[in-house]
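Participant:
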Amino acid sequence: MESDIEILSEADASMRKLRIFGIDDREDENGRRRIKDVEVYVPIVCGSIAFYLGKKATEYRTHKWTVYVRGATNEDLGVVIKRVIFHLHPSFNNPTRVVDAPPFALSECGWGEFKIDITVFFHTDVCEKKLELSHVLKLNPENAYGPIPKSIKIPVVAESYNEVVFPDPFESFVARVHNHPAIQISNIPDGLNLPPPGVADTYYLMEKGDTKEHPLSPWFLKFSEVEELFKLTAARQKVQADIAKLKRQLIMVDGQPEGLESSSGYEC
1 MESDIEILSE ADASMRKLRI FGIDDREDEN GRRRIKDVEV YVPIVCGSIA
51 FYLGKKATEY RTHKWTVYVR GATNEDLGVV IKRVIFHLHP SFNNPTRVVD
101 APPFALSECG WGEFKIDITV FFHTDVCEKK LELSHVLKLN PENAYGPIPK
151 SIKIPVVAES YNEVVFPDPF ESFVARVHNH PAIQISNIPD GLNLPPPGVA
201 DTYYLMEKGD TKEHPLSPWF LKFSEVEELF KLTAARQKVQ ADIAKLKRQL
251 IMVDGQPEGL ESSSGYEC
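Numbering (UniProt numbering), first residue to last: 1 to 268.
(1) For Leu131, write down the residues that DSSP places opposite it in a beta bridge.
(2) Identify the residues that DSSP records as bridge partners of Leu106: which are they?
(3) Report the rounded CA-to-CA distance for residue 289 versus Pro149, giving the unit in angstroms.
(4) Which residues does DSSP pair with Gln184 in a beta bridge?
(5) Between the beta-carbon of Ile49 and the beta-carbon of Val156, is there less than 9 Å?
(6) If you measure between the beta carbons of His87 and Thr124, is that distance less than 9 Å?
(7) Decide yes or no for the touch test of the region 106-120 against the region 166-180: beta carbon pairs closer than 8 Å, at least 3 of them.
(8) Quick check on the DSSP output: the beta strand (DSSP E) that includes Ala158 runs from which residue to which?
(9) Is Gly54 helix, strand or coil when you go by DSSP?
(10) Taking only beta-carbon positions, decide if Leu194 is within less than 9 Å of chain B.
(11) Label Tyr145 either buried or exposed according to how many other C-beta atoms from any shown protein chain fall within 10 Å of its C-beta, with 16 as the threshold for buried.
(12) Quick one: give me the first and last residue of the alpha helix (DSSP H) that residue 345 is part of.
(13) Taking the straight line between their C-alpha atoms, what separation do you get for Leu18 and Tyr41?
(14) Going along the chain, which residues of its own chain have a beta-carbon closer than 8 Å to the beta-carbon of Val136, five neighbours each way excluded?
(15) Within 10 Å of its beta-carbon, does Gly191 have 16 or more other beta-carbons around it, so buried, or fewer, so exposed?
(16) Hey, how far is the Cα of Phe223 from the Cα of Ser134?
(17) Take Lys247 and list the residues in its own chain whose beta-carbon comes closer than 8 Å to its own, dropping the five residues that flank it on each side.
(18) For the putative contact between Glu39 and Asn187, defined by C-beta atoms under 8 Å, what is the C-beta separation to the nearest angstrom?
(19) CB-CB under 6 Å to Gln240, same chain, minus the five flanking residues each way: which ones, in chain order?
(20) Counting C-beta neighbours from all protein chains within 10 Å, is the total for Asp100 16 or more, i.e. buried, or is it exposed?
(21) In terms of residue numbering, what span does the beta strand (DSSP E) encompassing His87 cover?
(22) Just to confirm, is the Cβ distance from Thr62 to Ala105 under 9 Å?
(23) Would you list the residues sitting across from Gly47 in a DSSP beta bridge?
(24) What are the partner residues of Thr73, as DSSP defines its beta bridges?
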């Protein structure tokens with residue numbers, strides 16, 4: 001396999017569906033077992049919100065901004081994500097910022113737009129690989145026609161949606177998130193006995209790190225339509241695959257020579 005990350009679909013540059021491959025072993029050194037042919041879907045939003053400081057602005061401090069990684073429906077991602085590292089512009093003091101607990105966000109002041117590289121680390125039973133994301137910090141408001149006047153009341157919001165897919169997950173991971181309201185799990189085998197989660201290890205018992213009451217939550221974008229778009233895309237791809245399969249079967253039938261009958265190979 002050439003890459004550990006596969007782009008499954010891409011509605012546009014700000015909407016992606018990614019599959020992250022882990023180690024192929026069905027059981028790791030800690031005795032944790034993987035569940036074959038099951039997939040866990042985790043919707044993640046990467047974004048920033050910037051407020052213009054108006055009369056309080058100085059030459060090098062024109063905006064106050066926050067960059068973050070959050071759940072698409074503002075649910076706690078702490079059951080999946082262990083750590084997020086934000087790589088700021090080198091002009092900042094300590095440009096590599098580490099956030100070890102949800103909500104995964106940091107705030108700063110500045111005057112320029114720049115690309116922020118973001119490294120997402122998952123819990124060990126989620127995925128051994130890290131996810132690398134990029135986000136462009138936006139400070140200046142604009143619409144389809146170009147720049148528009150700055151406002152101290154309305155921030156500039158820039159967000160992108162990533163649906164991360166974990167194939168063949170560990171049983172312990174599935175046990176921890178199977179009741180999570182924002183995480184979907186496909187193809188769970190009938191009669192599967194999941195191991196009991198650890199103490200305070202389920203979504204409803206963990207300390208909540210959701211962003212539903214975050215001060216910036218009124219400005220977060222809504223991504224329910226994006227999730228529906230990916231579901232429709234997946235359904236359409238399945239239909240197209242079924243049609244292609246039927247066409248191949250018809251070609252095989254139509255191409256069978258006349259008079260050829262299936263038999264045991266012996267004449268009557």
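Even for Gly, the Cβ is constructed at its ideal location relative to N, Cα and C. Bear in mind that the values here come from a model prediction, so they are computed numbers and not experimental data.
Facilitator: Quick answer:
(1) Val120
(2) Val67
(3) Here the chain has residues from 1 to 268 only, and residue 289 is not among them.
(4) Tyr41
(5) yes
(6) no
(7) no
(8) Val156 to Pro167
(9) helix
(10) The question asks about chain B, but that chain is absent: this structure has only one protein chain.
(11) exposed
(12) Within the shown structure, residues of the chain are numbered from 1 to 268, placing residue 345 beyond reach of any answer.
(13) 9 Å
(14) Glu113, Phe114, Lys115, Ile116 and Ala158
(15) exposed
(16) 19 Å
(17) none
(18) 7 Å
(19) none
(20) exposed
(21) Ile81 to His87
(22) no
(23) Tyr68 and Glu159
(24) None; Thr73 has no bridge partner.
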